[in-house]
Amino acid sequence: MAMNTGGRLVAGSHNRNEFVLINADEIGRIKAVHELSGQTCQICGDEVEIINEEPFVACNECGLPVCRTCYEYERREGIQACPQCKTRYKRIKGFARVEGDEDEDGIDDLENEFDYVKSEPLGFTQTGGAVGSIYGGLAGSATSSKHDSSQGVDIPLLTYGEEDLEIAHNQNAIIVPPFSSHVNGIHGTTPVHPRPMAPEKDLAVYGYGSVAWKDRMEEWRRRQNEKLQVVKHQGGEGDFGADLPMMDEGRQPLSRKLPISSSKINPYRMVIILRLAVLGLFFHYRIRHPVPGAYGLWMTSVICEIWFAASWILDQFPKWCPIERETYLDRLSLRYEKEGKPSELADVDVFVSTVDPMKEPPLITANTVLSILASDYPVDKVSCYVSDDGAAMLTFEALSETSEFARKWVPFSKKFNIEPRAPEWYFSQKIDYLKNKVHPSFVRERRAMKREYEEFKVRINRLVAMAEKVPEEGWTMQDGTPWPGNNVRDHPGMIQVFLGHEGVRDIEGNELPSLVYVSREKRPGFDHHKKAGAMNSLIRVSAVLSNAPYLLNVDCDHYINNSKALREAMCFLMDPTSGKKVCYVQFPQRFDGIDRHDRYSNRNVVFFDINMKGLDGLQGPIYVGTGCVFRRQALYGFDAPAKKKAPSKTCNCWPKWCCLCCGSRKNKKGKGKKDKNKKSKHKEASKQVHALETIEEGIEVSTVDRPPISQEKLEKKFGQSPVFVASTLLEAGGMTNPVSSTSLLQEAIHVISCGYEDKTEWGKEVGWIYGSVTEDILTGFKMHCHGWRSVYCMPKRPAFKGSAPINLSDRLHQVLRWALGSVEIFLSKHCPIWYGYGGGLKWLERFSYINSVVYPWTSIPLLVYCTLPAICLLTGKFIVPEISNYASIIFIALFGTIAVTGILEMQWGGVGIDDWWRNEQFWVIGGVSSHLFALFQGLLKVLAGVSTNFTVTSKGGDEDGGFAELYLFKWTSLLIPPTTLLIINIVAVVVGVADAVNNGYDSWGPLFGRLFFAIWVIMHLYPFLKGLMGKQQGVPTVIIIWSILLSSILTLVWVRINPFVSRDGPVLEICGLNCDD
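Residue numbering for the sequence shown follows our numbering, starting at 32 and increasing by one per position.
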């Protein structure tokens, strides 16, 4: 490597790309720090260095000459073994550890034990004509200059492997490799002959020494040098610590795990273990102490309690290792958005799904689309696909208006960096919108944009008003053509590209992201699989038109609240250290328009802030249906890449006596594999060479060897579309061959036809999985079974926000749909109790999935258990015999551990007590209503074939203000069970108190336990009671009728039981009075 030194000293290593240019006179111009040994590296062809007057030796078994660079590369990126004898490379003093290294006796090398760069003050020492150690161990030594270069030294910059011709004679430039290590100083240049090696072994078999290998090595070295950061500093004399060259920030991990503090998590785990022990003692007491006079009540209660304990275990242990995560967006930019170069961030296709524009207002959908188009991501890498599964012309026209307004809204959002970028929510914020805004034209342009948005809302509202009256002949387009979707159940596929084609730019002339309208074909006689089928159609359309490697799916009411949400996800998916095994990044759901007290637990904070953090510490969170960024290859049903395993231990890693003991056994196994090894020798070589192509900055790479699949099998799996099938093989996305737009659109229409999925694996192994109305749980479960892991991302500013049904009836219907999907999965072949063994699913992750499909069955024991207090109060019996001191301690310990567990969960999860208590209340309300109905509906659907209609949750906002919808009363059959429980427990409390008053002081003691039991049920149903009352002055008529009916029945039962009369009949005693007189 020739360099024009300009009369300055060159110090460093050619092989390691280390050079130091130091001012010198003509006498001491250039002298190598490391003289070469005369040996040639058998891998790259460079000469091997001299270390401590000996040639550098990488392998002590065969002595194959290998230079330091190749040795370090093989240990970091290769097979970690000698290419000739296959002996595993031992760690040499001065090199950092890699995975698989064991602690070695007699080696004290703490300075190089770990792979980090030291930041010691820079100093030049001239002792004996040598330049001392520079930058944490960069060895350099040369004949000293007459001038003392340690005086006034200034280090202006770090070059990228090439000399900066503008470096002045009084300045220094240091070129440091990516991984510098301590090497001792200069030594002689006596040539040493290479050790003999076996001539029958040809290194070309392994790919080493070939032109391709050298080219890849040079490319790898070039990448290493490009990652160095330029540091410019004009420092003062004597303080060089801040001037040291540092590793490029972009080379650091893009995210990191933040484990929960041990002071919070350790007590939590100890309480869980204690609670398990107390549960054991509790059931030991309950089973061994039946109630003689109420055996049926006792047996029923014990069975319910055992079920509750099992459910608690399934819910509790997946929260054993909760973690949090932190992302580094600046590092992502440094790595993939280099100045002066096109952005290297991956493309993202965004899916928005909608069905009924009457229940999902077009204005809500428009705001979601606008927030996507204005997100902080390169515009040429974002494509938005809107799925209209209702084929509504209202949605089509509203999207057309949205695309026009986007030409104004997108540049305004990016120019002033506003948050959120959904105009409805931005303009409705009650905050100081001038905060941190310094642009002089902001106020004027904001007022103009608000006026533009209000006009846009008027146009959308006009479309909605027109859509309420459908013409008899159906809708007609502007050119007089009938709207193809007039028949919702029988229409062709429709695709319209609104943005993204040439000629359509924003008002400032900038490019806009793509916006595509998609309505898949529907015909009678086909099962279209509801939302899952619509999402699979979007996968295929997007693969044909843009084929981004990552997909984001959001519901039509979930807008992007954090414009950097896509970048947050890329910090995990594009992280070269761990991103290859991540199938999706799930964001928590946050909601607008919910009352402050969150009466019906719409925010679901306990699940998103506690349960999901626990799952993130295992194999990752479950998929919740929206706000999730997928890896496209994971949706195609491919297995996760297998992590490269370290080579097995060989003789040089174990004591000799250990090799003698187990050598014969290894030989026996080796004989059987001898022929296979010969056949796979060339295969291993090509695999090793291929690894260089995927190397980036010295990280262990996870690879997956997918066997070649025939075109016939691919078409059987993915369908009869050659363009789409070809796109599935492109892991990095993009298009295979340039195709005309007309041909692409024709192919896109083909892949959304209603018969495309016939005799394929769509919905079975590919895409969103069919078989449940909650396709999200099933889809995530299948990915985890393939060995993928997911990530839970909780940025400080919520990434997405949506609308939630705050009305009691709508909320119960929403929970009913979720529970019905879980019942369908439980009764299918994909039930996690028996599916997916032998794959990549971890046990605690399986516990979580089992809990997610089993919880509706808890409704039966919960309903029975909530009825027991009323029965006990009406009959005068109880489920527990007279409590002894031992039993009192057990009961107190059980209730205490339950309370402490909840408190500690709230502490490490950051959840308030109000949210926790609302979650507990709605667990009972939903359990005795929605879950119960879902259980029976699921059984009827699976066993009797009775189909259940899919109810779309209303996404409309609260137009009347003041949470008027919260107090709206809508009667539904879901209200019957909790209403019944509420009334019978209130009546039972009245009866029990009346009985105690009638029988005297002694009856109050036994009554206390029964009253506590009944009040516990009433307290959990209190939000439901408030929902029944509504905001009106009087009680709804249906509630009055139902209460009178139940009260009459209970009165008759109570009279029949007659608790005021002794169970043995009336007691006759002689009063002592003579009545005859």
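Idealized CB from N, CA, C, for every residue including glycine. Here the structure is a predicted model, which is why all the values come from computation and not from measurement.
Self-check item: Contact belief for residue 818 with residue 670 at Cβ below 8 Å, rounded distance in angstroms
Solution: Going by Cβ atoms, the distance from residue 818 to residue 670 rounds to 6 Å, so yes, they are a contact pair.
Quiz prompt | Per-residue burial, residue 373 [other beta carbons within 10 Å of its own, 16 or more giving buried] | solution = exposed
Quiz item: Going by the CB atoms, is the gap between residue 491 and residue 429 shorter than 8 Å?
Solution: yes
Practice problem: Could you tell me the distance, in whole angstroms, from the CA atom of residue 474 to the CA atom of residue 462? | Solution: 15 Å
Self-check item: Contact check, residue 594 vs residue 953, beta carbons under 8 Å
Solution: no
Practice problem: Would you mind sorting residue 814 into buried or exposed? The rule is 16 or more other CB atoms within 10 Å of its CB. | Solution: buried
Practice problem: Could you check what DSSP says for residue 514 in three-state terms: helix, strand or coil? | Solution: coil
Self-check item: Beta-carbon spacing of residue 816, residue 870 below 8 Å
Solution: yes
Quiz item: By the 10 Å Cβ neighbour count, where 16 or more other Cβ atoms means buried, how is residue 799 classified, buried or exposed?
Solution: Classification for residue 799: buried.
Quiz prompt | Residue burial classification, residue 366 (beta-carbon count within 10 angstroms, cutoff 16) | solution = Its Cβ being crowded by 16 or more others within 10 Å, residue 366 is buried.
Practice problem: Using the Cα positions of residue 1010 and residue 895, report the straight-line distance between them to the nearest angstrom. | Solution: 14 Å
Self-check item: Close-in-space but distant-in-sequence residues of the same chain around residue 1110 (CB under 7 Å, 5 per side omitted)
Solution: Missing from the structure shown is residue 1110; the chain here goes from 32 to 1108 and no further.
Practice problem: Going by DSSP, name the residue or residues bridged to residue 525. | Solution: 550
Self-check item: Where residue 622 falls: helix, strand or coil (DSSP)
Solution: In the structure shown, residue 622 sits in a strand (DSSP, three-state: E or B).
Quiz item: Do you know how far the Cα of residue 347 is from the Cα of residue 879?
Solution: 9 Å
Quiz prompt | Boundaries (first-last residue) of the beta strand (DSSP E) holding residue 584 | solution = 581-586
Self-check item: Extent of the continuous beta strand (DSSP E) to which residue 889 belongs
Solution: Taken as a continuous stretch (DSSP letters only), residue 889 belongs to no beta strand (DSSP E), as it is neither H nor E.
Quiz item: Whose CA, out of 761, 577, 287 and 1030, lies closest to the CA of residue 1118?
Solution: Coverage of the chain is limited to positions 32 through 1108, which leaves residue 1118 absent and any answer about it impossible.
Exercise. Grab me the residues of residue 667's own chain with a C-beta within less than 8 Å of its C-beta, minus the 5 sequence neighbours each way, in chain order.
Key: Close CB contacts of residue 667 within its chain, under the 8 Å cut and outside five residues either way in sequence, are with 749, 759, 797 and 798 (chain order).
Exercise. Drop a sphere of 10 angstroms on the beta-carbon of residue 115, count the other beta-carbons inside from all chains shown, and report buried for 16 or more, exposed for fewer.
Key: buried
Quiz prompt | Endpoints, alpha helix (DSSP H) assigned at residue 804 | solution = That residue, residue 804, is in no alpha helix (DSSP H); it is neither H nor E in DSSP.
Quiz prompt | CA nearest to the CA of residue 1054, picked from 937, 249 and 843 | solution = 843
Quiz item: Given a threshold of 16 other Cβ atoms within 10 Å of its Cβ, counted over all protein chains shown, does residue 841 qualify as buried or as exposed?
Solution: Buried, since its Cβ has 16 or more Cβ neighbours within 10 Å.
Exercise. Compute the distance between the beta-carbons of residue 588 and residue 391, then report whether it is under 8 Å.
Key: yes
Self-check item: Entirely enclosed beta strand (DSSP E) segments - the segment 602-654, minimum 3 residues
Solution: Within the segment 602-654, the complete beta strand (DSSP E) runs of at least 3 residues are 613-617 and 621-623.
Quiz item: Helix, strand or coil for residue 751 per DSSP?
Solution: coil
Exercise. Tell me whether the beta-carbon of residue 400 lies closer than 8 Å to the beta-carbon of residue 583.
Key: no
Quiz item: So what does residue 119 bridge to, in DSSP terms?
Solution: 112
Quiz item: Can you tell me the Cα-Cα spacing of residue 318 and residue 1022, whole angstroms?
Solution: 30 Å
Quiz item: Where residue 939 and residue 457 are concerned, what is the direct C-alpha to C-alpha distance, given to the nearest angstrom?
Solution: 32 Å
Quiz prompt | Buried or exposed (CB count within 10 angstroms, at least 16 for buried), residue 950 | solution = buried
Practice problem: Starting from the Cα of residue 518, find the closest Cα among 742, 609, 506 and 1005 and give me that residue. | Solution: Of the listed residues, the one whose Cα sits closest to residue 518 is 506.
Quiz item: Which class does residue 831 belong to by DSSP, given the choice of helix, strand or coil?
Solution: strand
Exercise. Would you mind sorting residue 1155 into buried or exposed? The rule is 16 or more other CB atoms within 10 Å of its CB.
Key: This structure cannot settle anything about residue 1155, because the visible part of the chain is limited to 32 through 1108.
Quiz item: For residue 581, which of 571, 664, 642 and 630 has the nearest alpha-carbon?
Solution: 664
Self-check item: Expected contact under 8 Å - CB spacing of residue 418 and residue 549 to nearest Å
Solution: 5 Å
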